[in-house]
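The structure appears below as C-alpha cells.
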Amino acid sequence: MSIQVGPGGIRPGLVPVSRKIALVAMLAITSGCISPAFRDSVGQFGTVTKTTVTAQGQQLAAISATEQERIRAQLAANRVDLVLAPSCAETLAPNDTGTADPPAPVCTVARADGNSLTDAPRYEHILALGAALSAYADSLIALAADSSQDQKAFAGSLSALATSLGGLDGAIQRVTGGDRAASQPQLNAVATLVAEAGNLYFAHERSRVLKRIIIAGDPTVQRAVDLLTGADAGIDLYNRNALLLHLRATANNARRLAANPGTSATAMRAAQDALFAEVATYNRYAAGVQRFRAIGAAHTQLVRAARANASAADLAAAIQAIIHLAGTAHDTVTTLTPEQGSNNNGN
Amino acid sequence: MATKVNVLGAWTQARNTLVQNLATTFDFLDDVPFSDDPASDFVKGNAQADRIQDQLRLLALSGLKQIDDAVASGTLVQDISDLSKKAKAEADRIKNAAKTVAGITKAVDLVAGVVTKIAGLPFLK
Numbered sequence: 004m005s006i007q008v009g010p011g012g013i014r015p016g017l018v019p020v021s022r023k024i025a026l027v028a029m030l031a032i033t034s035g036c037i038s039p040a041f042r043d044s045v046g047q048f049g050t051v052t053k054t055t056v057t058a059q060g061q062q063l064a065a066i067s068a069t070e071q072e073r074i075r076a077q078l079a080a081n082r083v084d085l086v087l088a089p090s091c092a093e094t095l096a097p098n099d100t101g102t103a104d105p106p107a108p109v110c111t112v113a114r115a116d117g118n119s120l121t122d123a124p125r126y127e128h129i130l131a132l133g134a135a136l137s138a139y140a141d142s143l144i145a146l147a148a149d150s151s152q153d154q155k156a157f158a159g160s161l162s163a164l165a166t167s168l169g170g171l172d173g174a175i176q177r178v179t180g181g182d183r184a185a186s187q188p189q190l191n192a193v194a195t196l197v198a199e200a201g202n203l204y205f206a207h208e209r210s211r212v213l214k215r216i217i218i219a220g221d222p223t224v225q226r227a228v229d230l231l232t233g234a235d236a237g238i239d240l241y242n243r244n245a246l247l248l249h250l251r252a253t254a255n256n257a258r259r260l261a262a263n264p265g266t267s268a269t270a271m272r273a274a275q276d277a278l279f280a281e282v283a284t285y286n287r288y289a290a291g292v293q294r295f296r297a298i299g300a301a302h303t304q305l306v307r308a309a310r311a312n313a314s315a316a317d318l319a320a321a322i323q324a325i326i327h328l329a330g331t332a333h334d335t336v337t338t339l340t341p342e343q344g345s346n347n348n349g350n
Numbered sequence: 030m031a032t033k034v035n036v037l038g039a040w041t042q043a044r045n046t047l048v049q050n051l052a053t054t055f056d057f058l059d060d061v062p063f064s065d066d067p068a069s070d071f072v073k074g075n076a077q078a079d080r081i082q083d084q085l086r087l088l089a090l091s092g093l094k095q096i097d098d099a100v101a102s103g104t105l106v107q108d109i110s111d112l113s114k115k116a117k118a119e120a121d122r123i124k125n126a127a128k129t130v131a132g133i134t135k136a137v138d139l140v141a142g143v144v145t146k147i148a149g150l151p152f153l154k
C-alpha cells in the first residue's frame, strides 16, 4: 500500500500520509464487528416482528367485528327501541369558535328505554402498542439495511473527495517538484483506499448504532412483549372458545343422528365426517401466545450478540431464536385465513 | 406493571377454573344419552357447557380490556415511539453521512493540510 509520490520517492515528511490513510481503514476494520450477519439477523427480526404485530391486529379487528355483530343481533332479538339522540339535531348548528372546545356535536343512536348502548371493544391502545413495536421494527430494518446504498451515495459524492485529493496532489507537486502524470496511479490507489475505508466506515456505523439501539431498547421491548403476550392469551381464548362452540354443535348433531334408528348410513357418515373435519380444524389452530414470547426471546439473543460484539456463538443463538420466531409467526399467518371464517359463526 | 402481572395471574387462574368445569361437564355429557327433552341430563348438561363457554368468552374480552387499559395508563407506547424515532434519526444520519462523505473527506483534508504546511516550510523553497 505505497503512496510514494514522484520518481524520486517520498520525502521523509510525507511518510505519515500513508500511515494516516491506512489508519482510517484500520479504524473502520478494527473498531467493531462489521460482519453483515448481525445486521441481517436484526433485519429479519424486524420483518418477522412486523408480521406478528400485523397478525395480532387482524385478530383484534376480527374480535371487534364479531362482538359488534353480537351486540347488533341482541338488539334486534330483544326488539330494543332505538331512537335518534338530540345531538343529531344539534349538528345542524355546529359551534363556529374554530376550537375543539366545546366539541362539535355528533349524531348518535340511543335506546328509548334510557339504557346505554354497548359499544364493541376496539382495543385501540393495544393496537397503538403494536403499531409502536412495528415502527421500532421498521427502524431496525432501516438501520440494518445493506450498506450498498450508502456505498452508492458515497461513490456519488466522491467529487468532494476528488477536490481534497486535488489539493493534496497540488501540495505534493509543490513539495516534490514531480510531474502530475507520474503521481496519478498512486493517487488513484489512495482514492480507492479511501473509498474502501468509507464503505467499511458506513457498514461499521450501521452495526454500531444497531447494537446501541437494541441494547438500550431491550427493557422497553420486553415490557411491550409482556403486554402483547397477555393480549394474545385473550385472543387465543376467544378464538379457541368460538371454535370449540362450533365443534360441540357438530358433535351434538352427530350424536342426535346416531340416537335416531332411522338415520341412513349416508347421513351418519356425512355427520361424522363433518365432526372429524371440525376436530382437524380445531387442532390446526396455532396458539398465538408463543409469538410475542418468541419476539422477546429473539430480542434478548440479539442483545447478547450485541454485547458480545456479535460473537459467533451468540450470533448463532440469535439466529436460532429468529428462526423459531419466524416459525411461530408463519403458523399464525397460516392459521389466520381459515380461522377468520370461524370467528363469525362461532361465539 | 406489577399490578398488571397480578391481574394476568388472576385471569389465568379464572380461565383454568372455567376450563376445568367445562372438562367436567364434557365428561358428564359423554356418559349420558342424547336427548331433546329439556328436562334431560343431556340438554341440561349442554346448557351448563354453554354458560361456561359464555363465561370464557367474557373472560377473554375482559382480559383484553384490562391490557388495553394498562397500555393506556402507561408510557410504553411513547417509550417505544421515542426509541424508534432515535433509531430512525440514526439511520438518516448514516444515510446523510454517506451522501456528504464528510467524515472521510475530513480525514483527507487533514492530510492535505499537513502536506500544504510542509510545502510552506522555508527549507523546501
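Protein chains in written order, with this note's numbering: chain A, 4 to 350; chain B, 30 to 154. Note that beta-carbon positions come from the ideal geometry of N, C-alpha and C, so glycine has one too.
| Item | Value |
| --- | --- |
| To be precise: take each residue of the segment 84-100 of chain B, compare its Cβ to all Cβ atoms of chain A, and keep it if any distance is under 9 Å. Which residues remain? | L85, R86, L88, A89, L90, S91, G92, L93, K94, Q95, I96, D97, D98, A99, V100 |
| On the premise that N244 of chain A lies in contact with A89 of chain B, defined as a C-beta separation below 8 Å, what is that separation, rounded to the nearest angstrom? | 7 Å |
| By the DSSP assignment, the alpha helix (DSSP H) with A1 of chain A in it spans what residues? | Residue 1 of chain A is absent from the structure shown; chain A starts at 4 and stops at 350. |
| Within its chain, find whatever has a CB closer than 7 Å to the CB of A254 of chain A; leave out the 5 residues flanking it on each side and keep chain order. | L278 |
| Pick helix, strand or coil for L230 of chain A, following the three-state DSSP scheme. | helix |
| Thinking C-alpha only, which one of A:A96, A:E281, A:R125 is nearest P108 of chain A? | A:A96 |
| Of the residues that make up the segment 62-80 of chain B, which ones have a beta carbon closer than 9 Å to any beta carbon in chain A? | P62, F63, S64, D65, F71, N75, A78, D79 |
| What residue ranges within the segment 115-153 of chain A form continuous alpha helix (DSSP H) runs of no fewer than 4 residues, ordered along the chain? | 127-146 |
| Assign I326 of chain A to one of two classes, buried (16 or more other C-beta atoms within 10 Å of its C-beta) or exposed (fewer than that). | exposed |
| Please confirm whether D108 of chain B has its beta-carbon closer than 7 Å to some beta-carbon of chain A. | yes |
| Using the Cβ count rule (16 or more neighbours within 10 Å means buried), how would you classify S212 of chain B? | The question about residue 212 of chain B has no answer, for chain B in this structure spans 30 to 154. |
| In the DSSP assignment, the beta strand (DSSP E) including V86 of chain A goes from what residue to what residue? | 85-87 |
| Output yes if chain B places a C-beta closer than 7 Å to the C-beta of L85 of chain A; else output no. | no |
| Out of curiosity, what's the CA-to-CA distance linking A319 of chain A and L78 of chain A? | 56 Å |
| Compute the Euclidean distance between the alpha carbons of A65 of chain A and A262 of chain A, then round it to the nearest angstrom. | 37 Å |
| Measure the CB-CB distance between L63 of chain A and Y139 of chain A and report whether it falls below 7 Å. | no |
| What do you get for R44 of chain B, buried or exposed, if any count of 16 or more other CB atoms within 10 angstroms of its CB means buried? | buried |
| Counting only the same chain and skipping the five closest in sequence on each side, list residues whose C-beta sits under 6 Å from that of L143 of chain A. | V45, G49 |
| By DSSP, does V212 of chain A sit in helix, in strand, or in coil? | helix |
| A39 of chain B touches chain A at which residues, Cβ-Cβ below 7 Å? | Simply none; closest approach about 12 Å. |
| Count Cβ pairs between the segment 105-124 of chain B and the segment 129-138 of chain A that sit closer than 8 Å; are there 3 or more? | yes |
| Checking contacts by CB at 7 Å: is H249 of chain A closer than that to chain B? | no |
| R251 of chain A: which of B:P67, B:A78, B:D121, B:L47 sits nearest, CA to CA? | B:A78 |
| Could you name the residues of the same chain whose beta carbon sits closer than 6 Å to that of G92 of chain B, not counting the 5 residues immediately before and after it, in chain order? | W40 |
| At a cut of 8 Å, does the segment 69-77 of chain B reach the segment 214-232 of chain A through at least three beta carbon pairs? | no |
| Which residues in chain B have a C-beta closer than 8 Å to the C-beta of F205 of chain A? List them in chain order. | I123, A126, A127 |
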